[in-house]
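Only one structure is covered here, and it is reproduced in the block below.
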Amino acid sequence: MAQGNRAQGKIALVTGASRGIGRAIALGLAERGFDLALNDIARQAGALAETAAEARAQGVRVVELHADVSAKDEVQAMVDRAVAELGTIHALVNNAGILIAATVEACPETAWDQVMDVNAKGTFLVTQAVLPLMKAQAYGRICNIASIGGKHGAPEQAHYSASKAAVMGFTRVLAQEVGPLGITANCVCPGIILTDMGRVNLDDPAIRDGWKAKTAMARIGAPEDVAGPVAFFCSDDSAFVTGQTLNVDGGIVLS
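Residue 255 is where the sequence shown ends in full-length UniProt numbering, and the numbering goes up by one at each step.
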C-alpha cells in the first residue's frame, strides 16, 4: 500500500481516540502505516477497543492506553507504557477534548475548570511528557486539535472557545521553542463536524441548515474530513511547516 509505506516504522500517540474525530484520525494514520498508541479515559474502554481493532486490521501495531490527560501522573504512565510497548513516539495528536454548553452568566466554575483542564492543560501535559523522547531522537511531529470556536466562538461556549484559543497560543510558542530540535508543532481547527460532541451545535434542524449556509461547501463536516490534514502534519510532507493553524471547516473561516 503506497500510503502505508510513507510512514513505515513511525509511531503516533493519539489522545481521545475512542470515537468521533479521534477515531477517524487513528484510522487515517493506520491506513498510512503508523503504529499507534491510542488513548482515552477508562469509561471509553469498549469504544477504544473497537477503534484499536479496526486499526489493527490495517496491519499496524496498536496499544490501548487508558488515562485522563488532565492528570499528570496518568499521562506519564501512559507515555511510559507506549514507549515500553512500541519503542518511542514520533508523532503526537492532542485530540482529547470536552464541551459543556453554558452561558457566561450561568457557567459553573466546575464546568470552566473541567473544560480548561482537559482541552488546554491536557494538551500541555501530554506534550510535556512526550518532548524528552522527541528531543532525544531529534525528531517529532505534534498536531494539536483546536477549533474554529477558538477563533470566533459561539453562544454558550465561552469556556470552550477560551480553551481552544489557549491551545493555539500554546502551539505557536511551542513551535518556536522546539523548531531547532527537529520537532514541528501545528494546529488543526475543525469546523462543524458531525460527532457526538458536535451535535451540541446540530440537534436543531434549523441550526444545522444555518451552519450549512455559512459553509462555502454547503455541508456539515464528517470526522474523516479531519483525518487527512492531521496525517499531513504527522508526516514528513510537512517537514518545513510549523507554528501554523489550519482551518478544516469547509469554508466557514476564510483566512
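Quick reminder that beta carbons are idealized off the backbone N, C-alpha and C, glycines included.
The beta carbon of glycine 243 sits closer than 6 Å to those of Arg172 and Ala175, all from its chain and outside the five residues before and after it, given in chain order.
For arginine 141, the number of other beta carbons within 10 angstroms of its own is at least 16, and it is reported as buried. Isoleucine 148: not part of any alpha helix (DSSP H); DSSP gives it neither H nor E. Put simply, of Asn186, Leu38, His152 and Lys135 the residue whose alpha carbon is nearest the alpha carbon of serine 238 is Asn186.
Comparing alpha-carbon positions, the option among Val167, Ala136 and Thr127 lying closest to alanine 146 turns out to be Val167.
The Cβ neighbour count for isoleucine 207, taken over all protein chains shown within 10 Å, is under 16; the residue is labelled exposed.
For threonine 123, the closest C-alpha among the options Lys72, Phe233, Leu27 and Ala30 is that of Lys72. In terms of CA proximity to isoleucine 21, Asn95 leads the group Thr215, Gly179, Thr184 and Asn95. Listed as beta-bridge partners of leucine 202 by DSSP are no residues whatsoever. Here DSSP, grouped into helix, strand and coil, assigns glutamate 31 to helix. Across the set Lys212, Ser18 and Asp68, the C-alpha of Ser18 shows the shortest separation from the C-alpha of glutamate 50. Just measuring C-alpha positions, the residue of Ser255, Leu202 and Ile11 sitting nearest alanine 216 is Ser255. Looking at Glu64, Asp40, Asp68 and Ala91, the one whose alpha-carbon comes closest to that of arginine 81 is Glu64.
Partner residues in the beta bridge of arginine 141, as assigned by DSSP, are Ala91 and Thr184.
In the structure shown, leucine 13 falls within a strand segment according to DSSP collapsed to helix, strand and coil. Nearest Cα to aspartate 196 within the set Val14, Arg23 and Gly9: Arg23. Close CB contacts of alanine 52 within its chain, under the 7 Å cut and outside five residues either way in sequence, are with Leu38, Val62 and Glu64 (chain order).
Burial is judged here by how many other beta carbons sit within 10 angstroms of a residue's own beta carbon; phenylalanine 240 has fewer than 16 and is exposed.
Taking all protein chains shown into account, alanine 42 has fewer than 16 neighbouring C-beta atoms within 10 Å of its C-beta and is therefore exposed. Counting every other CB atom within 10 Å of its CB across the protein chains shown gives threonine 127 a total of 16 or more, marking it as buried. Rounded to the nearest angstrom, the Cβ distance from glycine 250 to glycine 191 is 6 Å, consistent with a contact under 8 Å. Under the 10 Å beta carbon count, arginine 219 is surrounded by fewer than 16 other beta carbons and is classified as exposed. In the displayed model, aspartate 249 falls within coil according to three-state DSSP, outside both helix and strand. When the five nearest sequence neighbours on each side are left out, the beta carbons in the same chain lying within less than 7 Å of the beta carbon of glutamate 54 are those of Leu27, in order along the chain. Rounded to the nearest whole angstrom, the CA to CA distance from valine 79 to asparagine 144 is 17 Å. If you look at glutamate 105, you'll find it isn't in any beta strand (DSSP E); DSSP assigns it neither H nor E.
From the listed residues Ala158, Tyr139 and Thr103, the smallest Cα separation to threonine 184 is found for Tyr139.
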